[in-house]
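Please read the structure below before turning to the comments.
See below:
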């Protein structure tokens, strides 16, 4: 009996000893890893690092925890502090992502953007591409449709861009092709090659959703924000465009059109968001046959019926399609496709007055003449901006200064319409690129 009692006592003592050992060991463990950026340097392609660096370094290091959310390149060293011992680790210069950022990048959605370029549209198209890359968060896949002489020039120019920015996008270059009807006739419809956009659902069979823009479009905020309109589609909507006009009495379609058009003022196809999968699966109502036609089967007979009544080519055909299928179209506000018509006869885009222009559409050739200097100032600023420079110093401040010369024009008299989103977007880019964690001071 005594032996059994001794065994029990020994077992209990051993259990208590082990419990105290583990509890004491856990309390003595090193604190969790805390990463501290060495010098708070941000990639120059974001254009914001040089400005905010001095502000950030004023805070004590033990109160500041900075992680890059989605850097382009990061060639600096970082210190990992564990138990008071600093271990310097070289981050990969080609990716520069922490483990958390890398996991996010792998799961990141890629946005698809298409553009059609013919004639002398090389520089204009590259400036559009640059504007999309300057502000966007997610990676972009560009689908560039170009004539043979331009294709090699695009390859050459894009290959010369700095690796820091080229890591943000991919691109494919396609020849101009039309799957139905007379190719030469399609090619000359309205502007050279403009009708190519009608065939994107047919050509890009592996792409689910796509944003199409004209070459004369500039992004003044992340493309991500336009991309998010896809989530606003209901179950029947498969494309999105902005109205052609805000006021019917000065609208072109409401006054002059000789064919059906969407809504009261028609829509402008210079910025067109599409769910290509839904477009390929839908049978579209029309005025020719009662059973409906697929997108590809509809295009040629529709053109044959209305070719003597349309003025704006492929845009008119899109208006006709959505006139008979209004439930399929989502309309976004005018600030997402802001054109000279919104200001040259007086300001008529309330959304731009309140929030600023999100996407600038310089149709009528206004980027290349002096008829609407406010548009030209924005284009020139983005066109001349080097990716590696500071955004505030080399893009926003010159833009502000040059706008002073446009305030006596109808479009330039309210500078904040053009500048508000640019400034807001640059600040947002900074906030998204750098996540700041402030640790409460020790008690």
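In mature numbering (1 follows the signal peptide of the UniProt record, and there is no 0), the protein residues as written are -28 to -1, 1 to 415. Glycine included, every Cβ here is placed at the ideal spot set by N, Cα and C. This structure is a prediction, so every number in the text was calculated from the model and none was measured.
Task: Under 8 Å between C-beta atoms of residue 335 and residue 188 - done: Taking 8 Å as the cut-off, the Cβ atoms of residue 335 and residue 188 count as close.
Open item on the list: Rounding to the nearest angstrom, what Cα-Cα distance links residue 398 and residue 279 in this structure?
Closed with: Approximately 45 Å between the Cα atoms of the pair.
TODO: For residue 299, collect the residues of the same chain with a Cβ closer than 7 Å to its Cβ; drop the 5 residues on either side in sequence, then sort them by chain order.
DONE: 208
Open item on the list: Give me the residue from 348, 121, 170, 271 with the minimum Cα distance to residue 93.
Closed with: 121
Task: Length of the line joining the Cα atoms of residue 296 and residue 143 - done: 35 Å
TODO: Decide yes or no for the touch test of the region 340 to 360 against the region 383 to 394: beta carbon pairs closer than 8 Å, at least 3 of them.
DONE: yes
Task: Beta-carbon proximity of residue 214 to residue 246, cut-off 8 Å - done: no
Task: Burial state of residue 369, where buried means 16 or more other Cβ atoms lie within 10 Å - done: exposed
Open item on the list: On the CB-based measure, 16 or more other CB atoms within 10 Å of its CB, does residue 250 come out buried or exposed?
Closed with: buried
TODO: On a CA-only basis, which of 108, 226, 231, 98 is nearest residue 281? Give me that one, please.
DONE: 231
Task: DSSP-derived helix/strand/coil call for residue 176 - done: coil
TODO: Starting from residue 123, follow its DSSP beta bridges and name the residues at the other end.
DONE: Answer is none; residue 123 lacks a bridge partner.
Task: Under the three-state DSSP convention, the category residue 129 falls into - done: helix
TODO: Select from 118, 133, 242 the residue whose C-alpha is nearest the C-alpha of residue 288.
DONE: 242
Task: Test item: CB-CB of residue 117 and residue 101 under 8 Å - done: no
TODO: Out of 97, 155, 392, 179, state which residue places its alpha-carbon closest to the alpha-carbon of residue 168.
DONE: Out of 97, 155, 392, 179, 155 has the C-alpha closest to the C-alpha of residue 168.
TODO: Would you kindly work out how many angstroms separate the C-alpha atoms of residue 127 and residue 86, rounded to a whole number?
DONE: Looking at the two C-alpha atoms, the distance is approximately 16 Å.
Task: Residue span of the beta strand (DSSP E) that contains residue 322, given as start and end - done: First-last for residue 322: 322 to 327, but that is the alpha helix (DSSP H), not the beta strand (DSSP E).
TODO: Grab the span of the alpha helix (DSSP H) containing residue 279 for me, first residue to last.
DONE: Residue 279 -> no alpha helix (DSSP H), and no H or E assigned at all.
- [ ] Compare the beta carbon distance of residue 109 and residue 194 with 8 Å and say whether it is the shorter of the two.
- [x] yes
Task: Selected residue, minimal CA-CA separation from residue 147, among 171, 132, 220 - done: 171
Open item on the list: For the ligand PLP, I want to know if residue 396 counts as a neighbour, meaning its beta carbon is within less than 7 Å of at least one of the ligand's heavy atoms.
Closed with: For the structure depicted, the ligand PLP is absent and the ligand set is empty, with no information on it obtainable.
TODO: Note down the Cα distance separating residue 392 from residue 327, rounded to an integer number of angstroms.
DONE: 7 Å
Task: residue 267 to residue 132 span [Cα, whole Å] - done: 38 Å
Open item on the list: DSSP has residue 142 in a bridge; who is on the other side?
Closed with: 113
Task: Within 8 Å, strictly: CB atoms of residue 199 and residue 176 - done: no
TODO: Determine the DSSP secondary structure at residue 337, reduced to helix, strand or coil.
DONE: helix
Task: Residue nearest to residue 419 in terms of C-alpha spacing, selected from 202, 98, 352 - done: Residue 419 is absent from the structure shown; the chain starts at -28 and stops at 415.
TODO: Apply the 10 Å Cβ neighbour rule to residue 363 and answer buried if 16 or more other Cβ atoms are within range, or exposed otherwise.
DONE: buried
Task: Terminal residues of the beta strand (DSSP E) in which residue 355 lies - done: No beta strand (DSSP E) contains residue 355, which is instead part of the alpha helix (DSSP H) from 345 to 356.
- [ ] Identify every run of the alpha helix (DSSP H) within the region 219 to 294, keeping only runs that are complete inside it and at least 4 residues long; order them along the chain.
- [x] Qualifying alpha helix (DSSP H) stretches, in chain order: 224 to 228, 248 to 253, 267 to 278.
Open item on the list: I'd like the list of long-range same chain contacts for residue 302, defined as Cβ closer than 6 Å, with 5 residues on each side in sequence excluded.
Closed with: 205, 209, 212
- [ ] Could you name the residues of the same chain whose beta carbon sits closer than 8 Å to that of residue 196, not counting the 5 residues immediately before and after it, in chain order?
- [x] 83, 108, 109, 110
Task: Residue interval of the alpha helix (DSSP H) (run including residue 101) - done: 94 to 107
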